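>
Residue numbers (our numbering): 39 to 629.
#1: Residue 610 and residue 86: beta carbons closer than 8 Å?
#2: Whole angstroms are fine: how far does the CA of residue 189 sit from the CA of residue 124?
#3: Can you list, in chain order, the residues of its chain with a C-beta nearer than 8 Å to that of residue 644? Leave out the 5 residues immediately preceding and following it.
#4: In terms of residues, what are the limits of the alpha helix (DSSP H) holding residue 553?
#5: Please decide whether residue 323 counts as near chain D, where near means a Cβ-Cβ distance under 8 Å.
#6: Given residue 501, which residues of its chain have a CB within under 7 Å of its CB, disregarding the five upstream and five downstream residues?
#7: Who are the Cβ neighbours of residue 633 in its own chain at under 6 Å, not counting the five residues just before and after it?
#8: When the Cα of residue 525 is compared with those of 487, 532, 457 and 536, which residue comes out closest?
#9: Hey, out of 97, 106 and 215, whose CA is closest to residue 167's CA?
#10: Suppose contacts are defined by Cβ-Cβ distances below 8 Å. Is residue 323 in contact with residue 317 by that definition?
#11: Thinking just about the alpha-carbon of each residue, which of 407, 423, 195 and 73 is nearest to the one in residue 363?
#12: Counting Cβ pairs, one atom from each stretch, are 3 or more of them under 8 Å apart for the stretch 414 to 432 and the stretch 199 to 215?
#13: Measuring alpha carbon to alpha carbon, tell me which residue in 576, 575 and 559 is nearest residue 569.
#14: Considering only residues of the same chain and omitting the five flanking positions on each side of residue 202, which have a CB-CB separation below 7 Å?
#15: Tell me, please, which residues DSSP counts as bridged to residue 529.
#16: Would you list, in sequence order, the uninterrupted alpha helix (DSSP H) runs of no fewer than 4 residues that lie entirely inside the stretch 366 to 437?
#17: Below 7 Å CB to CB, which residues in the same chain sit around residue 564 once its five sequence neighbours on both sides are set aside?
#18: Starting from the N-terminal side, write out each stretch of the alpha helix (DSSP H) that is 4 residues or longer and does not extend beyond the stretch 95 to 177.
#19: Once the 5 residues before and after residue 236 are set aside, which same chain residues still bring their CB inside 8 Å of it?
#20: With residue 227 and residue 77 assumed to form a contact (beta carbons below 8 Å), what rounded beta-carbon distance in angstroms separates them?
#21: The beta strand (DSSP E) with residue 572 in it runs from where to where?
#22: According to the neighbour-count rule (16 or more other Cβ atoms, all chains shown, within 10 Å of its Cβ), is residue 386 buried or exposed?
#23: Closest by CA to residue 225, which one among 573, 61 and 417?
#24: For residue 241, I'd like the list of residues in its chain whose CB is within less than 6 Å of its CB, leaving aside the five on either flank, ordered along the chain.
#25: Just how far apart, CA to CA, sit residue 539 and residue 546?
#26: Taking the alpha-carbon of residue 45 as reference, which of 550, 335, 258 and 617 has the nearest alpha-carbon?
#27: Mind checking who residue 508 pairs with in its DSSP beta bridge?
#28: Excluding the 5 residues flanking residue 59 on each side, which residues of the same chain have their C-beta closer than 6 Å to its C-beta?
#29: May I ask you to verify whether the stretch 358 to 373 touches the stretch 215 to 223, counting CB pairs closer than 8 Å and requiring at least 3?
#30: Using 10 angstroms around the beta-carbon of residue 230, count the other beta-carbons present and answer buried if the total reaches 16, otherwise exposed.
#31: Going by C-alpha to C-alpha distance, which of 562, 583 and 314 sits closest to residue 573?
See the structure below:
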């Protein structure tokens, strides 16, 4: 059973670490608790639009095969819409318990309908699927991400321990545990955390290869890097870091850098392993749907060159804002300072210096790529933050050895402030405005009460999973009083933002409509229609209070000290984006 040997070695290594380091179990427990705290938020709704599609990816294949049971149907199912790499495999494994229950309870047709969505609207797709099915499907996929997040923390521990010693490993693991970007992405189903796990694993194997010169470790790094790419294309930076590892090992060899680097068979084997892993990891390649893989590449490299639909800012603004939001101001300063301090050590001949070079090259490649994008979100910068955490841990460990008092003070300051920042953001999952609005409607609305809201996608909406919801794609006074719903729910993105001045941003400019603005304003005034505001949830938008946009420096400072700020677009809706107003009818409508 040679195939199981790596699993046994990994299990033995984890056991040895847990026994040898009494602090490690507590760090991993903290990572587990923070990553899983209130992980059921928004259910049976979705944390993000992408989360929905990651969950239904494998169901699309199942539905297509059941509709047309033949071998080619697998390829048709993979190409049904946007199958996203190895995230489909992970979701398929996570959804197995739900599939078993669906079969046992004769609910298989409802389960497979999750995978048939192109011919129906978002609301129909969400509402026709039983709430319990959405809840458990999404929750299990999120829990898989939680496990991967804890795995990232452990691999960071291994990297720090290998580069220097166990205290360095503990510091790297602890800092990654309180990195807000990691905790955000652990609370949704997606590919970012799994890709990061395998990216860090590839870096670990690269460091071990430089340390020992054992070719097998390089190949394991190529395999892990290939899996990282199969989850998310940005994992391709792992190949760059492996290349740096190869050159560093060659420089250490007796043959010297030039001769030692020329190993055609060795490099070809590594490339072959990586390419084969990517091919297997992308269902569109493995099952013969090349058009979908080509479309994936086109979206990845083409869409980022276009301005974001909500806000048009230069790339440096997006990078800085997302970086500050992802780690918080104190850790952002610490990571930047650690990188600058590490630059002074890259010429040293030591294993820690080798690790710093690999991590810094990886960061440099990411930032070079992102600098050409028109928008960069927090989740894009997740691997940058993780690599900088490794760099900072090594730098702080050296500082703690050379100047113990200063080193301990800096470490304590960064850990405490980062824990407060990330902890505040995580605790807020238990009291999200949209969930509070849903809880109110679930307990207050009657069995026959209609709930009207204005958005084309339920992911934007703060409403219960019930057929009493009347979702309208536009806000307007036309026939409103004849519909006379019992409740009206106004969300920020598709209703309240109509009240913002056109200069507020690209989205406000697109929504500019005098008639709609008047309808929303009239509802909120409570003096024309027989409706009263019974719930206002979340932070009130500044434009409702007559305030203009804060200066740019204030906005950048705010995102670095307030973890739950707007992320814009596909990521989780936070901050003012969750602002919700619930109105209840107080009398008869005039028709």
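Ideal Cβ positions, reconstructed from N, Cα and C, are used throughout, including at glycine.
As the structure is a computational prediction, the values presented were derived from the model and not from experiment.
Reading from the atomic positions:
#1: Mapped onto the chain shown, residue 610 falls at position 572. Mapped onto the chain shown, residue 86 falls at position 48. Against a cut-off of 8 Å, the Cβ pair of residue 86 and residue 610 comes out as a contact.
#2: What you label residue 124 is simply residue 86 of the chain shown in a count that begins at 1. What you label residue 189 is simply residue 151 of the chain shown in a count that begins at 1. If you take the alpha carbons of residue 124 and residue 189, they lie about 17 Å apart.
#3: Since the first residue of the chain shown is 39 and the last is 629, residue 644 is not available in this structure.
#4: Start at 1 with the first residue of the chain shown, and residue 553 comes out as number 515. Start and end: 552 to 563.
#5: The structure shown contains no chain D, having only a single protein chain.
#6: By 1-based counting over the chain shown, the position of residue 501 is 463. Hits under 7 Å: 476, 479, 489, 491, 507 and 527.
#7: Only positions 39 to 629 of the chain appear in the structure, and residue 633 is not among them; the question remains open.
#8: Against the chain shown, residue 525 aligns to sequence position 487. Taking only the C-alpha atoms, the option nearest residue 525 is 487.
#9: Numbered from its first residue, the chain shown carries residue 167 at position 129. Of the candidates 97, 106 and 215, the one whose C-alpha sits nearest the C-alpha of residue 167 is 97.
#10: Walking along the chain shown from the start, residue 323 turns up at place 285. Walking along the chain shown from the start, residue 317 turns up at place 279. Contact: yes.
#11: Locating residue 363 in the chain shown gives position 325, where the first residue counts as 1. Nearest option by C-alpha distance: 423.
#12: yes
#13: On the chain shown, residue 569 is found 531 positions in, with the first residue counted as 1. Residue 559 is the option with its Cα nearest to residue 569.
#14: As a position in the chain shown, residue 202 is number 164, starting the count at 1. Result list for residue 202: 390, 432 and 435, in chain order.
#15: For the purposes of this step, residue 529 is identified with residue 491 of the chain shown, where counting begins at 1. Per DSSP, 618.
#16: 367 to 381 and 389 to 408
#17: Translated into positions along the chain shown, residue 564 becomes position 526. Only 570 and 571 meet the Cβ criterion.
#18: 110 to 116, 125 to 142, 146 to 151 and 160 to 166
#19: Residue mapping note: residue 236 aligns to position 198 of the chain shown, counting from 1. Excluding residues within five positions, the ones whose Cβ falls inside 8 Å are 262, 263, 265, 266, 269, 273 and 276.
#20: Counting from 1 along the chain shown, the entry for residue 227 is found at position 189. Counting from 1 along the chain shown, the entry for residue 77 is found at position 39. Rounded, the Cβ-Cβ distance is 10 Å, inconsistent with contact.
#21: As a first step, residue 572 is located in the chain shown; it is residue number 534 there, counting from the start. Taken as a continuous stretch (DSSP letters only), the beta strand (DSSP E) holding residue 572 covers 569 to 575.
#22: Along the chain shown, one-based indexing puts residue 386 at 348. Exposed, by the Cβ-count rule.
#23: On the chain shown, residue 225 is found 187 positions in, with the first residue counted as 1. It is 417 whose Cα lies nearest to the Cα of residue 225.
#24: Position 203 of the chain shown, counted from the start, is the residue given in the question as residue 241. Excluding sequence neighbours, residue 241 sits near 279.
#25: Your numbering for residue 539 matches position 501 in the chain shown. Your numbering for residue 546 matches position 508 in the chain shown. Taking the straight line from one Cα to the other gives about 7 Å.
#26: In the chain shown, the residue the question calls residue 45 occupies position 7. For residue 45, the nearest C-alpha among the options comes from 258.
#27: Residue mapping note: residue 508 aligns to position 470 of the chain shown, counting from 1. Partner(s): 490.
#28: If you number the chain shown from 1, residue 59 lands on position 21. Around residue 59: 204.
#29: yes
#30: For the purposes of this step, residue 230 is taken as the residue at position 192 of the chain shown. Residue 230 is buried by the Cβ-count criterion.
#31: Taking the chain shown and counting its residues from 1, the one referred to as residue 573 is at position 535. The option with the nearest alpha carbon to residue 573 is 562.
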